[in-house]
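Structure, as C-alpha cells:
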Amino acid sequence: MEIASKYDPHAVEDKWYAFWLEKKLFHSEPDGRQPYTVVIPPPNVTGVLHMGHMLNNTIQDVLVRRARMLGRNACWVPGVDHASIATEAKVVAMLKERGIEKRDLTRDEFMKYAWEWKEKYGGIILQQLRKLGAGCDWDRTAFTMDEVRYPSVIKVFVDLYRKGLIYRGARMVNWDPKALTAVSDEEVVYKESHGKLFYLRYYVDNGAGQPSDKYVVVATTRPETILGDTAVCVHPEDERYGDLKGKRLIVPLVGRSVPVIMDEYVDREFGTGALKITPAHDVNDYNLGLKYDLETINIFNDNGTLNEAGQQYAGMDRFACRKQIMKDLEEAGLVEKVEDYTNKVGHSERTDAVIEPKLSTQWFLRMDTLAPKALEAVESGRIQFHPEKFKNTYRHWLENIKDWCISRQLWWGQRIPAYYYDLNGHTETVVAESAEDALRQAREKRPDLQAADLRQDEDVLDTWFSSWLWPMSLFDGIRNPDNPEIKYYYPTADLITAPDIIFFWVARMIMAGEEYMGEVPFRHVYFTGIVRDKLGRKMSKQLGNSPDPIALMEQYGADGVRMGMLLTAPAGNDLPFDESICEQGRNFANKIWNALRLVKGWPVSDELKQSADCRVSVEWMEQRIAAVLEEIEHDFDAYRLSEALMKSYKLVWDDFCSWYLEMIKPAYGSPIDRETMSSTLDIFERLMCMLHPFMPFITEEIWHLLRERCEHASIMMEHMPTSVFYDQRLLDEFATAQAIATGVRGLRNSRGLSPKEPLALMLLKHSDDAPQCPRFEGIVSKLANLSSMETVQSKPEGALSFMVGTTECFVPMSQDIDREAELQKLQADLQYQEGFLASVMKKLNNDKFVNGAPEKVVAVERQKRADAEQKIEAIKAQMAALQA
RNA sequence: GGGAGCAUAGCUCAGCUGGUUCAGAGCACCUGCCUUACAAGCAGGGGGUCAUUGGUUCGAAUCCAAUUGUUCCCACCA
531 MEIASKYDPH
541 AVEDKWYAFW
551 LEKKLFHSEP
561 DGRQPYTVVI
571 PPPNVTGVLH
581 MGHMLNNTIQ
591 DVLVRRARML
601 GRNACWVPGV
611 DHASIATEAK
621 VVAMLKERGI
631 EKRDLTRDEF
641 MKYAWEWKEK
651 YGGIILQQLR
661 KLGAGCDWDR
671 TAFTMDEVRY
681 PSVIKVFVDL
691 YRKGLIYRGA
701 RMVNWDPKAL
711 TAVSDEEVVY
721 KESHGKLFYL
731 RYYVDNGAGQ
741 PSDKYVVVAT
751 TRPETILGDT
761 AVCVHPEDER
771 YGDLKGKRLI
781 VPLVGRSVPV
791 IMDEYVDREF
801 GTGALKITPA
811 HDVNDYNLGL
821 KYDLETINIF
831 NDNGTLNEAG
841 QQYAGMDRFA
851 CRKQIMKDLE
861 EAGLVEKVED
871 YTNKVGHSER
881 TDAVIEPKLS
891 TQWFLRMDTL
901 APKALEAVES
911 GRIQFHPEKF
921 KNTYRHWLEN
931 IKDWCISRQL
941 WWGQRIPAYY
951 YDLNGHTETV
961 VAESAEDALR
971 QAREKRPDLQ
981 AADLRQDEDV
991 LDTWFSSWLW
1001 PMSLFDGIRN
1011 PDNPEIKYYY
1021 PTADLITAPD
1031 IIFFWVARMI
1041 MAGEEYMGEV
1051 PFRHVYFTGI
1061 VRDKLGRKMS
1071 KQLGNSPDPI
1081 ALMEQYGADG
1091 VRMGMLLTAP
1101 AGNDLPFDES
1111 ICEQGRNFAN
1121 KIWNALRLVK
1131 GWPVSDELKQ
1141 SADCRVSVEW
1151 MEQRIAAVLE
1161 EIEHDFDAYR
1171 LSEALMKSYK
1181 LVWDDFCSWY
1191 LEMIKPAYGS
1201 PIDRETMSST
1211 LDIFERLMCM
1221 LHPFMPFITE
1231 EIWHLLRERC
1241 EHASIMMEHM
1251 PTSVFYDQRL
1261 LDEFATAQAI
1271 ATGVRGLRNS
1281 RGLSPKEPLA
1291 LMLLKHSDDA
1301 PQCPRFEGIV
1311 SKLANLSSME
1321 TVQSKPEGAL
1331 SFMVGTTECF
1341 VPMSQDIDRE
1351 AELQKLQADL
1361 QYQEGFLASV
1371 MKKLNNDKFV
1381 NGAPEKVVAV
1391 ERQKRADAEQ
1401 KIEAIKAQMA
1411 ALQA
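Take any residue in the first sequence, note its place counting from 1, add 530, and you have its number in my numbering.
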C-alpha cells in the first residue's frame, strides 16, 4: 500500500463526516443506557462561526464523543436563537437596501420578510459546525421560535403571570433610541467618554415666579435635560445652601419655577453640591422624584429627538439640542463656566446608540422567589462550576438581583400574550395562550366583547426569555412535562459556555429548571475563556483581528485547529490565539499519519517467533497506556481537558512513536513477527480511541486503515479504553533504560560521535546494586547502538562517563579524549553536587529539623546525603584518573 | 466607589492537604543531523531569586499580611 508522506485532511474530513451522518451515528433515542445530554448554547440565527464558537463547540464535541465511547447514550442537541434585536436590525437594514422602511410595513408584512430572511440566511453557522466535526443530533435541530419552542415560551409567560411573578409596571428602562426598544441592564456597555461639565445659573425665585438677583450654580453634563427639570437638590447639611430651604429656583431658559429639595443622596464634593433633578431622564432623579413626589416631564421622543415639552427645541436631536441650548444659555449669560469632564456613558450593546434612561411601561419578571433557588443549586454543589471561581460572580449577582425586564419593543420574537380591552372606560388586561382564550376570559367580565375589540400587546419578549427554557423546551418538556424524552434526557450533563453570559443565560436556566422541572438543568457548567488575539484584544469584526475559522480549517485541518485550540485553553482561561497553535495540531496529525506509514510498511512473518525484546516492549507500552489513562481519567473528572490532551499527545508522540516503535522496529527490509504486529495494531487502535474525541477525523481514518473493517464500523462506536492495574516496577525499570540510552546519546552528541558507530558500555557495579533494567538491556543496546553492555567491578581506563542515578556508566574510547574538556565538565558537575550536599547537610545539622520533621522526611534527606557523597566520590575519582 | 481572581522559563500554563515529581510541561530558542515513517522530522542542550517585602514554621512557589502590577465583574456622582 502506498501512503502519502503527508497527511491530507481535506478528503478525509468530508468523507467521514458524510459517513457519520449517513449512518446516523449522532442520533440518539432514549434507551436503556445512561443518558449523556448536552444542549448547544444556541448561536444567533444571524451568526457566522467565529473563534469563540470553535472553542466552545470543540469542547462540547470532545465531551460528547468521549461519553458515547464510555457507553453512554450521548445526545447533543443543536439549535439557533432568534436573537430579537440582532435579527430585526439585519432585516430592517436589508429592507432599507431594497428601499423599504419598516414603519411603512404592517407587523404581519414585516414578519413575512423576517421569516424569509431567516430561511434564506439563518443558521449558516450550523452548517459551519459540521466542518468542525461537531457531532450534533441534527434531527433534533431546534429554533427558539419554531412550533415547539414558541408556544412553550408563551405557556411559561402565562403561567408566571398567573402565579403573580410577572407584572406590568412603569419603570425607568434603558432605552435604545436607535433600535427603539428597551434593553436590559446587561445589554448596556459603559464607555469612557470625553465630555464637558457645564455650570449653569439657577436664579432664586423671588416669590412671584421671577428671578431674584441671587443664584445657585448647578453642574450638569446634559444641559438639554434642563427642559425636564422639576427640582434642584442639595445636601441637607451643606452650609452653603442652608438658606435655600423652602425656596424655589428658576430653571434657566425654561423659566419654570421648581422647588429646592434636600436629600443626602447628593454628593457635596461633586460639582457645586447642587444637583438638578430630571425625573424623566435619569434613574437616580427618578427615584428622588418618587420620594419627593416631583412632577415628571418627559422631553424626548422615542427616537431621541425632543418632543413638544422641548418647546422651541422640539424636533431636534438630543445632541444637536445640547449644542444649541448651550449657545442659547451662553447668550443669556446663564453659564458660569465649562470644564472638561470624562465619564462613562452607557451604550447599547447591539446598536451602539447612547442609552437614554426612559420612563416607560414594561413587563417584568419578579426575581425574589426564583433567585434564591438558583443560588442554592450552586451553593449546595448540585451544580458545579468549572473553574469554581465563577461561583463568586454568580453569588454576588443573585444576591443583588433586580427584577427582569422581559419586554422588548420589537416585532421579531414571541409576542407578549397580553390582550387589552375597554371596560367601563378603562383598560382591562387579560393574559392568555391564545386570542380565543383571551376572548373567553374577557367575556366573563364583558360578555358582549368581540374578537376585534381585543388588542394584543405590541411588544415581544426578551430573547433570553426563550433561551432560559432551552434545556427543557428542546425536549418539549414545557408543553408535555411527562413525555418520555424529557424524562430521559433531563437534566442535561454538562453546559459549555462563556462566562459573559453567566447572568443572561446560565443563572436564568437554573431558575427555569427549578421552577418547571423541580430539578437543575445541568450538573456541571464548564466556562471557556475568551479567544483573544496575540495582543490580548478581544476578537471583533471592527478590529478585523479574527481569523476566519473555515479558512483555518482549510489550512490546518479541522483536527489540527481543534487540537491547537484545546491544548492552550484550560477552563476559564482566556486563549491568546495565534495561528501557530494550529500548526502544532497539524504537525501532530502528520506525526500520527507517519506512524501509520511505518507500521503498515513492515512485512509480517508468521514463522518468526516473538523476541523477548519485543515481548517486553509490548508489555511496557500497554502498562504505560494504563498509567496514562489513569491520569487522563482524573483530568476529565476535573474538566481539565487541555491536560488530558497534552498527556495523550505525549503518550503518542514520545512513548509510542519515539520509544515503542523504535524498540520493535525490525531492521530495514526484515519482517516483524505476527504477534508483535498484532499487539502493535491493538495498541495503535487504543491510542486512536483515546484521541478520537479530540481529533475525530484522522483517528477514524487511521482506525479504518489499521485493519479491515466492516462497512458500518466506526471508531465512534468503539469502547474507550479505561485504566487497568499496571506494574509500576516495570515502568520504573524502563525509565532507567531510557536514562541509559539518553546518557549514551548525550555523550555522542557532546563529543561529536556518530550515531552509526557502535559503542561499548560498562556499568560500574557497586557493592550490591544490580544492573537496574535487566529486562531492557537488549533494547538499550538497540536504541543507543551499543556493541556491548556489561557490568564491571572497577573503572576502565580512558573512558568517557556519565551517571544514571548513582551508577557510573563508562564508554571506553579508542582514540585520545580531550582531557581538558572532560575535566571541565566534571568540575562543573562536582561543584553542583557539592552545593547540593551542602544544602542537605544544613538541614541534617539542624537539630530542630532532625527532631521536628517526620521520620520519613529525615530519612529522605539522609539518603540524599549518601547519594551525593557517592557521586562526589565518583567524580573525584574520575578526575584523578584523567589527571594521572 | 464595591467585590473577585491572577502574578512560576521568551509565550501559554501545571505544580492537590507546606518536605524526592520541587522548581516542571508544551511551544519557541540553541547545537548537530536530509539516519529509507515523518525536516510538519530526529538526537541533544540552554533557560526561572516562583511579582516585592515582611511574618508563621525545623522547612514556604505552596500558609498569613501588606505592597505593586494585572484581569474580570458589579455600581454609575449629576
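By construction, the Cβ of each residue, glycine as well, lies at the ideal position given by its N, Cα and C atoms.
Spatially closest choice to residue i from the options, by CA coordinates
i, options, result
"L1159", "M1220, E767, C1187 and M1093", "M1220"
"S1110", "W1132, Y1086 and A1119", "Y1086"
"L818", "Q1140, Q1302 and V796", "V796"
"E966", "Y949, L928 and K919", "Y949"
"H916", "L1211, N1376, Y643 and Y1169", "Y1169"
"M1095", "P1051, M1176 and L1065", "M1176"
"C935", "P1079, V719, T891 and A1197", "T891"
"E1418", "E974, G943 and K1295", "In the structure as shown, the chain starts at 531 and stops at 1414, and residue 1418 therefore has no counterpart that could be examined."
"R701", "A541, L895, K1286 and R1281", "L895"
"R1062", "F1107, F1034, P1100 and I1031", "F1107"
"D667", "C605, D1185, S1135 and A901", "C605"
"E1320", "A1329, G1328, F1340 and T1336", "F1340"
"L864", "F920, Y732, G772 and N814", "Y732"
"Q1428", "A1398, N1381, G801 and A1023", "The chain is shown only over 531 to 1414; residue 1428 falls outside these bounds and no answer can be derived."
"M675", "P571, K648 and L1097", "K648"
Cβ neighbours of residue i in the same chain (closer than 6 Å, five flanking residues each side left out)
i, result
"L1374", "E1391"
"D983", "Y951"
Whole-angstrom C-beta distance between residue j and residue i, which should lie under 8 Å
i, j, result
"V568", "L1004", "The pair is not a contact, with the Cβ atoms about 11 Å apart (cut-off 8 Å)."
"P1304", "P1326", "Actually they do not touch by this definition, with Cβ atoms about 22 Å apart."
"R602", "Y566", "4 Å"
"R778", "V788", "6 Å"
"P1021", "F1052", "6 Å"
CB of residue i within 7 Å of CB of residue j, strictly
i, j, result
"M1250", "M599", "yes"
"I1202", "W1132", "yes"
"S1331", "Q1268", "no"
"S682", "L889", "no"
"A1037", "T1058", "no"
"D591", "A664", "yes"
"I655", "L585", "no"
"I913", "A907", "yes"
"L940", "E646", "no"
"K726", "Y951", "no"
"V1334", "G1276", "no"
"S1075", "M1083", "This sequence places Asn at residue 1075; Ser is not what is there. For N1075 and M1083, no; Cβs fall outside 7 Å."
"I931", "A901", "yes"
"A712", "T881", "no"
"Q1153", "L1260", "yes"
"R670", "V607", "yes"
Buried/exposed call for residue i, threshold 16 Cβ in 10 Å
i, result
"G1090", "buried"
"A1300", "Annotation note: pLDDT 49 at A1300 (below 50); position unreliable, coordinate value reported separately. By the 10 Å Cβ count, A1300 comes out exposed."
"D538", "exposed"
"C1240", "exposed"
"I1405", "buried"
"Q740", "exposed"
Proximal residues to residue i (C-beta, below 7 Å), its chain only, five neighbours per side dropped
i, result
"A1174", "I1162, D1165 and F1166"
"A548", "none"
"P753", "F728, L730, R852, I855, M856 and L859"
"E1192", "L1313"
"N1103", "G1059"
"M624", "W647"
Beta-carbon proximity list for residue i, same chain, < 8 Å, skipping 5 on both sides
i, result
"P766", "M792, D793 and E794"
"V678", "A672, S1003, D1006 and R1009"
"W1183", "F1118 and K1121"
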